[in-house]
Amino acid sequence: MNDSEVTVPPIVASNNTAKQLASSETIGFPGVASQVTAERLVASEFMASPSQSVLNDMISRFIDASSNEALKTTACGSCARETSLAECEEIALKDIPNKHHLIPHSPHAAHELVNGLLIYPAALGASKETMHLCDGCRNHLKKDV
Ligand SMILES: [Zn+2]
Numbered sequence: 011m012n013d014s015e016v017t018v019p020p021i022v023a024s025n026n027t028a029k030q031l032a033s034s035e036t037i038g039f040p041g042v043a044s045q046v047t048a049e050r051l052v053a054s055e056f057m058a059s060p061s062q063s064v065l066n067d068m069i070s071r072f073i074d075a076s077s078n079e080a081l082k083t084t085a086c087g088s089c090a091r092e093t094s095l096a097e098c099e100e101i102a103l104k105d106i107p108n109k110h111h112l113i114p115h116s117p118h119a120a121h122e123l124v125n126g127l128l129i130y131p132a133a134l135g136a137s138k139e140t141m142h143l144c145d146g147c148r149n150h151l152k153k154d155v
């Protein structure tokens, strides 16, 4: 065998992927396939346009995923990042896990503390008893590291 020759096993069409092809028929690689085989592949279900119900479902899911409700954001009280509302939890200040991590080590005159905690004010709820906490901060606070 010559070093420049590469033996590639043929791709065999199964009955599931190309109904019009016989199961024992081989499909070559691009540029190698016979003209008849390539035409059969193009005409098969593989290259067919999606049905109208599939298109409607995809459009519906796109509209749902890009709605104002789905794209709402809020600030995290711990890291102050603007985060998707779906990735945040509104939590009572008394229920924040290991909240001692939110007490500043070096107090500063510009700090606005809430119950002794340094919390981003925009993340506070209307009652000032709750705040939004992103999933990442919640996990870090739970780990107590
Ligand atoms: Zn956060």
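Just so you know, the numbering used here puts 14 at position 4 of the sequence shown, and the rest follows in order with no gaps.
C-beta: ideal position from N, C-alpha, C; glycine also.
Note that the structure is a prediction, hence the values are computed from the model and not measured.
Comparing alpha-carbon positions, which option in 64, 87, 94 lies nearest residue 78? If we check each option's Cα against that of residue 78, 94 comes out closest.
Taking buried to mean at least 16 other C-beta atoms within 10 Å of its own C-beta, is residue 123 buried or exposed? Residue 123 comes out exposed.
What is the DSSP secondary structure of residue 86, reduced to helix, strand or coil? coil
Using only Cβ atoms and a threshold of 7 Å, which residues come within that distance of a heavy atom of ligand 1? Order them by chain position. 86, 88, 89, 91, 93, 143, 144, 146, 147
Going straight from the alpha carbon of residue 128 to that of residue 56, what length do you get? 58 Å
Cβ of residue 133 within 8 Å of Cβ of residue 121? Contact flag unset, no.
Output the residue ranges of the beta strand (DSSP E) runs that lie fully inside the region 37 to 117 and measure 3 residues or longer, sorted by chain position. 83 to 85, 92 to 94, 98 to 102
Does DSSP classify residue 31 as helix, strand or coil? Summary for residue 31: the model assigns pLDDT 48, below 50, so the residue's position carries little reliability; its value from the coordinates is reported in the next sentence. Residue 31: coil per DSSP, three-state reduction.
Quick one, which of 87, 152, 51, 47 has its alpha-carbon nearest residue 139's? 87
Return helix, strand or coil for residue 121, following the three-state DSSP convention. coil
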